[in-house]
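Asks: The structure that follows is given in the form of structure tokens.
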Amino acid sequence: MNRLSSSSSRCLDCRRAFSLSPALPSGHNRWSKIKHEKGAADQKKTAQRSIFSKNLTLYTKLYGPDPNLNSALANVIAVAKKAGMPKANIDLAVARGQGRSTTGEKLDSVMLEVMMPPSVALVIDIETDNKNRALQDLKLLVKKHNGTVTPTTFLFTKRGRTVLKSEAAGEEEFDNAFMQAVEAGAEDVEQDEEGNIVVWTRPNMTHQTAQSLSTAMKMEILTSDVMWVPNADKARVDNEEAAAALGDFLAAVRDNADVQAVYANAERGDVSEDVWRSVEENLDL
Numbered sequence: 042m043n044r045l046s047s048s049s050s051r052c053l054d055c056r057r058a059f060s061l062s063p064a065l066p067s068g069h070n071r072w073s074k075i076k077h078e079k080g081a082a083d084q085k086k087t088a089q090r091s092i093f094s095k096n097l098t099l100y101t102k103l104y105g106p107d108p109n110l111n112s113a114l115a116n117v118i119a120v121a122k123k124a125g126m127p128k129a130n131i132d133l134a135v136a137r138g139q140g141r142s143t144t145g146e147k148l149d150s151v152m153l154e155v156m157m158p159p160s161v162a163l164v165i166d167i168e169t170d171n172k173n174r175a176l177q178d179l180k181l182l183v184k185k186h187n188g189t190v191t192p193t194t195f196l197f198t199k200r201g202r203t204v205l206k207s208e209a210a211g212e213e214e215f216d217n218a219f220m221q222a223v224e225a226g227a228e229d230v231e232q233d234e235e236g237n238i239v240v241w242t243r244p245n246m247t248h249q250t251a252q253s254l255s256t257a258m259k260m261e262i263l264t265s266d267v268m269w270v271p272n273a274d275k276a277r278v279d280n281e282e283a284a285a286a287l288g289d290f291l292a293a294v295r296d297n298a299d300v301q302a303v304y305a306n307a308e309r310g311d312v313s314e315d316v317w318r319s320v321e322e323n324l325d326l
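FYI, the numbering for the sequence shown is 42 to 326, going by our numbering.
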């Protein structure tokens, strides 16, 4: 009798141990999944706010800071508010379009050149009312993510790019846009995947050409930027962990309100689409 009781007790203990052991990894996996999904959602929100900020600044530069007199600015403000962009961020972007901070201080432009693992060159454009603070914060971030502050602009070419919204992506409209753009001083004209007209110019001709073409062709300006375009010899990223780490770094850079644009010479290699999206969403080209 005692032997049966002892055997039963041992079996019960075994069953309990067996039933409890899977619970920890199961819960851990669920928590990891939640953290991953939250991180992806946060990165997407950061990228979206960056796009809103750029457009708010652009339309303020082109047409003025008063949304009552600037329908393009009013439309972006409405969409940004609906998407949950804080009013302080909207005000900051509009102020930047006037070359000032929300407190009225004049903004200075500065650039940070960085090399990040695995040998990816970056150029970070900054506008700030406190140059020393902005550079110090970003340099600490670079160091934290195992990067190096070093010259990189020789791996890029500085160019102006304007994207005009095309209502009819036909050959005739493109030919017309091409001729108008060349006359306005464009260096090259393309069509993107959505059929929009992409005009490349010298940096100092960017906004002038954008306004001229927008008026002449009655097309909405989607973007108009002076940017650092990577040269043909790009850095191929084949390691999944390295790509994810690069995406995390870029998202952290985008969280800095002084950062206006980030350019990289990274090229997708043997990396999953989801991981690479975290890199692309935080770049300006």
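Glycine included, every Cβ here is placed at the ideal spot set by N, Cα and C.
Look at the alpha carbon of residue 252 and the alpha carbon of residue 246, and state the distance between them as a whole number of angstroms.
Replies: Taking the sequence shown and counting its residues from 1, one reaches residue 252 at position 211. Taking the sequence shown and counting its residues from 1, one reaches residue 246 at position 205. So the alpha carbons of these two residues sit roughly 10 Å apart.
Asks: Taking buried to mean at least 16 other C-beta atoms within 10 Å of its own C-beta, is residue 266 buried or exposed?
Replies: Residue numbering aside, residue 266 sits at position 225 when the sequence shown is read from its first letter. Residue 266 should be labelled buried.
Asks: Taking DSSP as the reference, what is the three-state secondary structure of residue 271?
Replies: As a first step, residue 271 must be located in the sequence shown, where it is residue number 230. Residue 271 falls in the strand class under three-state DSSP.
Asks: If you draw a straight line from the C-alpha of residue 197 to the C-alpha of residue 227, how long is it?
Replies: If you number the sequence shown from 1, residue 197 lands on position 156. If you number the sequence shown from 1, residue 227 lands on position 186. Near 19 Å, if we compare the C-alpha coordinates of residue 227 and residue 197.
Asks: How would you call residue 345, buried or exposed, if buried means at least 16 neighbouring beta carbons within 10 angstroms?
Replies: As shown, the chain starts at 42 and ends at 326. That puts residue 345 outside it, with no answer to give.
Asks: Judging by CA-CA distance, which residue of 100, 213, 176, 107 is the nearest neighbour of residue 154?
Replies: Taking the sequence shown and counting its residues from 1, the one referred to as residue 154 is at position 113. Nearest C-alpha to residue 154: 176.
Asks: Got a sec? Which residues, its chain only, sit under 8 Å from residue 275 by beta carbon, not counting five neighbours each side?
Replies: For the purposes of this step, residue 275 is taken as residue 234 along the sequence shown, with counting starting at 1. Excluding sequence neighbours, residue 275 sits near 306, 307, 308.
Asks: Determine the contact status of residue 260 and residue 205, defining contact as a CB-CB distance below 8 Å.
Replies: Working through the sequence shown from its first residue, we reach residue 260 at position 219. Working through the sequence shown from its first residue, we reach residue 205 at position 164. Cβ atoms of residue 260 and residue 205: closer than 8 Å.
Asks: So what does residue 304 bridge to, in DSSP terms?
Replies: Sequence index remark: in the sequence shown, residue 304 carries index 263 (1-based). For residue 304, which the question treats as bridged, DSSP gives the partners 164.
Asks: Measuring CA to CA, which of 125, 148, 318 is closest to residue 298?
Replies: Counting from 1 along the sequence shown, the entry for residue 298 is found at position 257. Among 125, 148, 318, the Cα nearest to that of residue 298 belongs to 148.
Asks: For residue 225, does the three-state DSSP call read helix, strand or coil?
Replies: Position 184 of the sequence shown, counted from the first residue, corresponds to residue 225. In this structure, residue 225 counts as coil in the three-state DSSP scheme.
Asks: Could you tell me which residues DSSP pairs with residue 198 in its beta bridges?
Replies: The count along the sequence shown starts at 1 and reaches residue 198 at position 157. Its beta-bridge partners are 270.
Asks: So, residue 229 versus residue 241, is the Cβ gap smaller than 8 Å?
Replies: Residue mapping note: residue 229 aligns to position 188 of the sequence shown, counting from 1. Residue mapping note: residue 241 aligns to position 200 of the sequence shown, counting from 1. Cβ atoms of residue 229 and residue 241: closer than 8 Å.
Asks: For residue 13, count neighbouring C-beta atoms within 10 Å of its own C-beta (all shown protein chains included) and say buried if the count is 16 or more, exposed if not.
Replies: As shown, the chain starts at 42 and ends at 326. That puts residue 13 outside it, with no answer to give.
Asks: Buried or exposed: residue 138, going by 16 or more other Cβ atoms within 10 Å of its Cβ?
Replies: Position 97 of the sequence shown, counted from the start, is the residue given in the question as residue 138. Buried: at least 16 other Cβ atoms inside 10 Å.
Asks: For residue 194, count the other beta carbons within 10 Å of its own beta carbon; 16 or more makes it buried, fewer makes it exposed. Which is it?
Replies: Here residue 194 is taken as the residue at index 153 of the sequence shown, counted from 1. Residue 194 comes out exposed.
Asks: Evaluate contact between the stretch 157 to 167 and the stretch 119 to 134, counting only Cβ atoms and requiring at least three cross-stretch pairs below 8 Å.
Replies: No, the stretch 157 to 167 is not in contact with the stretch 119 to 134.
Asks: Find out if the Cβ-Cβ distance for the pair residue 239, residue 285 is shorter than 8 Å.
Replies: The residue you call residue 239 lines up with position 198 of the sequence shown. The residue you call residue 285 lines up with position 244 of the sequence shown. No.
Asks: Going by the beta-carbon positions, is the gap between residue 244 and residue 201 smaller than 8 Å?
Replies: The residue given as residue 244 occupies position 203 in the sequence shown. The residue given as residue 201 occupies position 160 in the sequence shown. Yes, the Cβ-Cβ distance between residue 244 and residue 201 is below 8 Å.
Asks: Alpha carbon to alpha carbon, what distance is there between residue 92 and residue 99?
Replies: For this step, residue 99 is matched to residue 58 along the sequence shown. For this step, residue 92 is matched to residue 51 along the sequence shown. Looking at the two C-alpha atoms, the distance is approximately 11 Å.
Asks: With the cut-off set at 8 Å, would you say residue 249 and residue 168 are in Cβ contact?
Replies: Indexing the sequence shown from 1 puts residue 249 at position 208. Indexing the sequence shown from 1 puts residue 168 at position 127. Taking 8 Å as the Cβ cut-off, residue 249 and residue 168 do not qualify as a contacting pair.
Asks: Measuring only the C-alpha atoms, how far is residue 11 from residue 190?
Replies: Since the first residue of the chain shown is 42 and the last is 326, residue 11 is not available in this structure.
Asks: Under 8 Å between the Cβ atoms of residue 172 and residue 151?
Replies: Reading the sequence shown from its first residue, position 131 is the one you call residue 172. Reading the sequence shown from its first residue, position 110 is the one you call residue 151. Yes, the Cβ-Cβ distance between residue 172 and residue 151 is below 8 Å.
Asks: Residue 286 by DSSP, collapsed to three states: which one?
Replies: Position 245 of the sequence shown, counted from the first residue, corresponds to residue 286. Helix.
Asks: Between the beta-carbon of residue 281 and the beta-carbon of residue 312, is there less than 8 Å?
Replies: As a position in the sequence shown, residue 281 is number 240, starting the count at 1. As a position in the sequence shown, residue 312 is number 271, starting the count at 1. Contact flag set, yes.
Asks: What residue range does the beta strand (DSSP E) around residue 298 cover?
Replies: Looking up residue 298 in the sequence shown gives position 257. No beta strand (DSSP E) contains residue 298, which DSSP labels as neither H nor E.
Asks: For residue 310, which of 289, 320, 279 has the nearest alpha-carbon?
Replies: As a first step, residue 310 is located in the sequence shown; it is residue number 269 there, counting from the start. Minimum Cα distance to residue 310 is reached at 279.
Asks: Using only the alpha-carbon positions, how far apart do residue 225 and residue 254 sit?
Replies: The residue labelled residue 225 in the question sits at position 184 within the sequence shown. The residue labelled residue 254 in the question sits at position 213 within the sequence shown. Near 7 Å, if we compare the C-alpha coordinates of residue 254 and residue 225.
Asks: Pick from 293, 290, 109, 170: whose alpha carbon is nearest that of residue 145?
Replies: Counting from 1 along the sequence shown, the entry for residue 145 is found at position 104. When each option's Cα is compared against that of residue 145, the closest is 170.
Asks: Quick check: the Cα distance between residue 212 and residue 257, rounded to an integer number of angstroms?
Replies: Position 171 of the sequence shown holds residue 212. Position 216 of the sequence shown holds residue 257. Between residue 212 and residue 257, the C-alpha separation is close to 18 Å.
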